[in-house]
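This report refers to the structure that appears directly beneath it.
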Amino acid sequence: MYSYRHSVNIKYGLFVMGIILVSGLLFYSQSIVERLRDDNREVVQLYAEIIASTVESESDENLSFIFDKIIKRVQFPLIYSDKNGNPLDWKNLPKSLSVDKVKRHQKEMDGQNQPIPLIFIHPGTNEEITIGFLHYGDSILIKQLRWLPYLEIGAVAIFILLGFIGFSVIRNSEKRSIWVGMARETAHQLGTPVSALMGWVDRLRNSGDEKIISEMDRDIKRLEDVSDRFSKIGSTPAKEEVNLDELLRHVIDYLQRRVRSEKVELKLDSVGSVSVSGNGTLLAWAFENLIKNGIDSLEDGTGTIAIKIDTKADAAAVTVSDSGRGIPKRDWKNVFRPGFSSKSGGWGLGLSLTQRIISEMHSGTIRIAESSADKGTTFEILLPKE
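Numbering (our numbering), first residue to last: 5 to 390.
Spelled out as structure tokens, the structure:
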């Protein structure tokens, strides 16, 4: 359990580091953009001073001519307007623009950079008179720099996403291979002693105690079921119509007889006969795992495990509720991972195997519907009826 929490902390740490790196990249690129804008502003300011120094009167009619001749090598969009903001001349804008469209460009440019006034100093009174404005926008280089970090982040994100998907596919394939290998080896190992026990039972039946033989028969049948269950892992199980009410009553009857404490109660609440298409052996295994997990969570071996069968749209719903210690919210997803266990000495395979049976082999879903320390835990399973 602690290893999973440690891995989650590592993921959060990597996420925070990623945010810091992205923020640093954006801050650095924006600082370059601001420096380029300052350089452009200095250039426009210089042009404004040159133009203003060449005019001889407040209503000089040659301002447009001067603007056109002085400003030749500007690489960014530039608009010269009168003191009322009406555009008179412009550079580095699309050709054949109407005045209204130039005004829209001018408004957009003013949103990027503050227009610089053309100030004429009256020779007689030294009064400063604003005779117009120079409006300028961002150059192509600045626009490219503004989008560059987002393109870099997008490319890196796509690369990481593809790598993550590939890694997940490989990891899931390895996990599936481990499950299949473990299951088949277990089935193989169980097969030999089961066959031997069946032979001994046949010999005891002729001369032994019938009660003992009956119990041995029951346990041998149980071993056969276990072997059958493991042999089906890794292969496509044969499906048939399974009556959930009958199946769960059989599971509860088996477990109730083997619960060590008489203070544990297993209750079944069913709406009646509810059938699904599935493999009864594997579904019984999944429900046993859930019920056993609930029994193990009971404090002092005392409490209730409530199983309810219901229907929802095109699915059969089975809930397994216990009155145990509950599961912390942070571990709700972890409980279905192989190797995760909140019990000392637990292998962490039961719920993982249950999810595999429900989700992969029966196209159903399993989730923790609710869990708290004072109410226990409720698992919900949905199985398609067809």
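Ideal placement from N, C-alpha and C gives every residue a C-beta, glycine not left out. Source: prediction; values computed, not measured.
Just reading off the alpha helix (DSSP H) that K312 is part of, what are its end residues?
-> Run containing K312: none in the alpha helix (DSSP H); it sits in the beta strand (DSSP E), 307-316.
In three-state DSSP terms, what is H139?
-> The DSSP-derived three-state label of H139 is strand.
Minimum C-alpha distance to P119 - residue among N90, K379, H126, G158 | The alpha carbon of P119 has as its nearest neighbour, out of N90, K379, H126, G158, the alpha carbon of N90.
Please state if the CB of I83 and the CB of H139 are separated by a distance shorter than 8 Å.
-> In this structure, H139 places its C-beta atom within 8 Å of the C-beta atom of I83.
DSSP-derived helix/strand/coil call for R371 | In the displayed model, R371 falls within a strand according to three-state DSSP.
Nearest to K87 (by Cα), restricted to the options D93, P98, L122 = For K87, the nearest C-alpha among the options comes from L122.
Using the C-alpha atoms, what's the distance from K95 back to R108?
-> Distance between the alpha carbons of R108 and K95 is about 15 Å.
Would you mind stating whether S33 and P153 have Cβ atoms separated by less than 8 Å?
-> Here S33 is near P153, since their CB atoms are less than 8 Å apart.
Is L386 helix, strand or coil by DSSP?
-> The answer is strand: DSSP assigns L386 an E or B state.
Provide the residue span of the beta strand (DSSP E) that contains D326, from first to last.
-> Note, D326: beta strand (DSSP E), 319-326.
How long is the line joining the alpha carbons of K271 and Q359, rounded to whole angstroms?
-> Their backbone Cα atoms lie some 23 Å apart in a straight line.
Looking only at its own chain, which residues have a Cβ that is under 8 Å from the Cβ of Q49, when we skip the five neighbours before and after it?
-> In its chain, beyond the 5 residues on either side, I120 have a beta carbon closer than 8 Å to the beta carbon of Q49.
In angstroms, rounded to a whole number, what distance separates the CA positions of Y8 and N338?
-> With a pLDDT of only 48 at Y8, under 50, the local geometry of the prediction cannot be trusted, and the value read off the model is given with reservation. Approximately 7 Å, taken between the alpha carbons.
Measure how close the beta-carbons of I372 and I331 come, nearest whole angstrom, since I'm counting them as under 8 Å.
-> I372 to I331, Cβ: 7 Å. Contact.
Spatial neighbours of A377 within its chain, please: CB distance less than 8 Å, with the 5 preceding and 5 following residues excluded, ordered by chain position.
-> Cβ neighbours of A377 within its own chain (closer than 8 Å, five residues either side excluded): R329, G330.
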